[in-house]
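Have a look at the structure below, then the notes.
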Amino acid sequence: MSDEHPTHAVGIDLGTTHCTLSATASADTPPAPLPLPQILSPGEIGERTLLPSFLFFPADGQFPAGSLALAWYPAARDVVGTFARDQGATTPLRLVSSAKSWLSHAGVDRRGEILPWDAPEGVPRVSPVQAAARYLGHLRAAWDDAHPESPLAEQDVVLTVPASFDAVARELTLEAAELAGFDEPPRLLEEPQAALYDWVAQRGAAWRDDVAVGDVILVVDIGGGTTDFSLIAVRDEDGTLQLERVAVGDHILLGGDNMDLALAYTVRAQLEQQGTVLDDWQMRAVTHGCRAAKETLLGEDPPTAVPLTIPSRGSRLIGKTLRTELRREQLDAVLLEGFFPAVDADARPQTPRRAGLTTLGLPYPADAAITRHLAAFLSRAGEDGAFVRPTALLFNGGVTRSPMVRERIAEILGGWLAATGAPAPTVLPGTDAELAVSRGAAYYARARRDGGVRIRGGTAQAYYVGIERAELAVPGIPPRVDAVCVAPLGMEEGTQTQLPQAFGLVLGEEVSFRFFGSPTVRHDEVGATRPPETLTELAPIETSLEGEEGQIVQVRLHAHVTEVGTLELWAVEDAEPQRRFKLSFDVRGQA
Amino acid sequence: MDVAPVESLGFGARLWLALTLPFRLLFDGALAAQVEALSQGTAPALPATPEPEPPVVEPAPPETEPEPDTTAALQLLAILQREGRFVDFLEEDVSGFSDADIGAAARVVHEGCSRGLKQVLTIAAVRTEAEGDTVKLAEGFDAARTRMTGNVVGEPPYSGTLAHHGWQVERIELPALTSGHDPSILAPAEVEL
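These protein sequences, in sequence, are chains A and B.
Note that the working numbering numbers the first sequence so that position 484 is 484, with each residue one more than the last.
Numbers in the working numbering are just positions in the second sequence, counted from 1, shifted up by 591.
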């Protein structure tokens, strides 16, 4: 970074289905989105606020030479954005999509070149980290093109991640940023917090009138591909209101795209009953049509039915165009009942036993009912497993643009609360479902510099390392492992911990620890042990201890939550010279 | 007296004539007399030099650029084809199809083309009054933005009924083109492998 003072506060929403970048140059101007140049069609470059998070690898000579070139990428060999998404729909085996979900998928080698998943020989591949870097690189180049005098790498940049991203996925996100040319790591911020910052920014000083001490705000974020829940408590600190993120939900791969597909299958079944069989191309057209129909039927004053037309593939349009319709009651049955069923507060997502062999693809949830996932989240988020009763509700994500979806969720949540005698939650007026996260992130970037409302929270999970018990060896039985808490839940940025236990490590050898996390265990102190079965196993951590070979040194584990929001683990020698060995995540996948 | 067989005019020429004739009748007494005679069946011999073909409005060609740049027009057409199958629709013979078939296709075209148009243009009404409202036209009104029809007599200010609110483009943002792009390919042929 140069010595120049950053001129802009920038927020980047690196989304599963699209990315946005918002920025502000001063405290008086609200953050505004940057128009993002991208290929719309070979030979055509247009600006859009959203950059679809898709990466397409064309075959040699598939498009005219130079037709995918951008000002900063003249010899383009691949393409991201609108055209990547549109072309990729017809050629999925050359398309990288949902790279962000792969980034948080512990079952695969996340630095390995595995995407496009299932791509045949001859198609270029990238790692999930490289794909994320490709999108970030595009945003950086677009910014630098528009602001040559103040390059992005020299600004105050905040990059958002799902609240459910564990320490490993956060680390990989920053690795992607580094690959994309951010010399200084951007600060990480959880997306639901960003949405709340945007709400605070829109409300101005009046936000303190909308909530009171003791309030608990539930942020429901339903995007294109993922659903994320967070709880943020309003606390009193020295007489002023403070916000504190108290719980985050699991990473649920469910979103608007699932809904479009569910509707498309309904329409396909309807057409098949009439004797019409759709090919793949037509099926995509149906899915596309269903997205538009969904938005109309879920919007204000919905009609009872929306006509759906499926154009022919060839140039003959008239007579070859199929016609059907999507009716309100179908939408109610498929979407509202399927994704938002009115369940009781003690409902839990159904998890059918998996067959012995499962593919390694993305871990989609078996249960599409978002309300059941929500009930499960609220039931485990409270102290000692008590059901949390939110008093306010903030929506974010494209799906929640629909007033019907918002009302539905508020109504079901209100029912759960009424059963416990609590009042219905206040729905906080949402902002812009597509831009709230990047705008909120830019607000936060500025608030860090100039002062403003801050949400506290620290780490979203408690982290543990696996340590073998010192027991008499029994042949054939591996020694039992205790999970020892190395970073408690809510550990603040910039703080450190040290495990009381000391270990003897052999220099010159690879060392590896098992590593676990839990978003729910809230009262474990550093050094507390528990059986690992109660936790989620994350990527192992490893290091190679350089030094005189064979020498044994006594070390203690240190955990450090960095200023940018990642977790670092160090092995520090007890005796002088107190050498420090950094442990890194091994993300080659254990599945 | 035999009237020489008159060659029928092309559609464009007829349209031009239909639009301009009322004005010319108003201001050209000699022409009005000839038309009067025609309608009475006492057609006089057509003037030896018939009215010239409707003048094609040809602005003085700029000295530097002899060929007009058609790229933007082709680009817009390509966008309308890509988003709404506009060229497919116009190039097809509709005569053999039922209204229902044409209606189904029209939905594709309407939905897609309006989406495509909105991406590149912002179109707004020229006049904000509702159609059917009474509109006053003060002296010096912009004749390019508002056109008078009907009983156009007297001096401004004029008062009339808004028959059509007109359209104007408020913003046009065509995508940039990469070098070497051939805009005359409105839609490439597609071959599925």
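Beta carbons are placed, not taken as given, at the ideal position from N, Cα and C, and that holds for glycine.
Of the candidates B/Thr737, B/Leu712, B/Glu682, the residue whose Cα lies closest to the Cα of B/Glu761 is B/Leu712. Identification of chain A residues near B/Ala696 by a Cβ-Cβ cut-off of 7 Å yields Leu317, Ile318, Thr321, ordered along the chain. Listed in chain order, the positions of the region 270-282 of chain A with a beta carbon within less than 9 Å of a beta carbon of chain B are Trp281.
With a cutoff of 8 Å on beta-carbon distance, A/Gly11 and A/Ala433 are scored as not near each other. The CB of A/Ile252 never comes closer than 9 Å to any CB in chain B; the least such distance is about 31 Å.
Burial state of B/Leu681 is exposed, judged by a 10 Å Cβ sphere holding fewer than 16 other Cβ atoms. For A/Val474, there is no enclosing beta strand (DSSP E), as DSSP marks it with neither H nor E. Taking a Cβ-Cβ cut-off of 7 Å, the neighbours of A/Ser67 in chain B comprise Thr769, His772, given in sequence order.
Taking a cut-off of 8 Å on C-beta distances, the region 113-129 of chain A does not touch the region 40-49 of chain A, as fewer than three cross pairs fall below it. In the DSSP assignment, A/Val343 falls outside any alpha helix (DSSP H) and carries neither an H nor an E. By the neighbour-count criterion, in which a residue is buried when 16 or more other Cβ atoms sit within 10 angstroms of its Cβ, B/Val782 is exposed.
Ranked by Cα distance from A/Val157, the options A/Leu189, A/Pro128, A/Arg348, A/Arg170 are led by A/Leu189. In this chain, the alpha helix (DSSP H) harbouring A/Pro192 covers 191-203. With a threshold of 8 Å between beta carbons, B/Asp679 makes contact with chain A.
Listed along chain B are Gln710, Val711, Glu764, Leu765, Pro766, Ala767, each with a C-beta nearer than 9 Å to that of A/Gly46.
A/Glu175: member of the alpha helix (DSSP H) spanning 167-179, first to last residue. Assignment of A/Ala386 by DSSP, reduced to helix, strand and coil, places it in the coil class. Membership of A/Leu152 in any alpha helix (DSSP H) is not indicated, and neither H nor E is assigned to it by DSSP. Under the DSSP definition of a beta bridge, B/Lys727 partners with B/Ser750. Annotated three-state conformation of B/Val699 is helix, per DSSP. Under the DSSP assignment, A/Lys582 falls in the beta strand (DSSP E) whose first and last residues are 580-585.
Residue environment: A/Asp145 is assigned as exposed (fewer than 16 neighbouring CB atoms within 10 Å of its CB, all protein chains considered). If you draw a straight line from the Cα of A/Ala386 to the Cα of A/Leu297, it comes to about 37 Å. For A/Ala269, the enclosing alpha helix (DSSP H) has its first and last residue at 256-273. Counting other Cβ atoms within 10 Å of its Cβ, A/Glu407 stays below 16 and is therefore classed as exposed. Unbroken beta strand (DSSP E) runs of no fewer than 3 residues, entirely contained in the region 523-584 of chain A, are found at 536-544, 552-561, 567-573, following chain order. With a cut-off of 8 Å on Cβ pairs, the region 219-227 of chain A is in contact with the region 393-405 of chain A, counting three or more such pairs.
By the Cβ rule, the region 147-164 of chain A counts as touching the region 233-250 of chain A, because three or more pairs are nearer than 8 Å. Put simply, of A/Ala369, A/Trp416, A/Val267, A/Ser379 the residue whose alpha carbon is nearest the alpha carbon of A/Pro519 is A/Ser379. With at least 16 other beta carbons inside 10 angstroms of its own, A/His105 counts as buried. Annotation for A/Arg323: Pro307, Leu308, Thr309, Ile310 place their beta carbon closer than 8 Å to its own, counting only its chain and skipping 5 residues before and after. Comparing C-alpha distances from A/Arg348 to each of A/Tyr364, A/Phe63, A/Ala368 shows the shortest one belongs to A/Ala368.
Annotation: A/His288 is outside any beta strand (DSSP E); the continuous alpha helix (DSSP H) that includes it extends over 280-297. Going by DSSP, A/Tyr463 is part of the beta strand (DSSP E) stretching over 462-468. For A/Leu40, at least one C-beta of chain B is nearer than 8 Å to its own C-beta. The continuous stretches of alpha helix (DSSP H) do not include B/Trp758, which lies in the beta strand (DSSP E) extending over residues 758-763.
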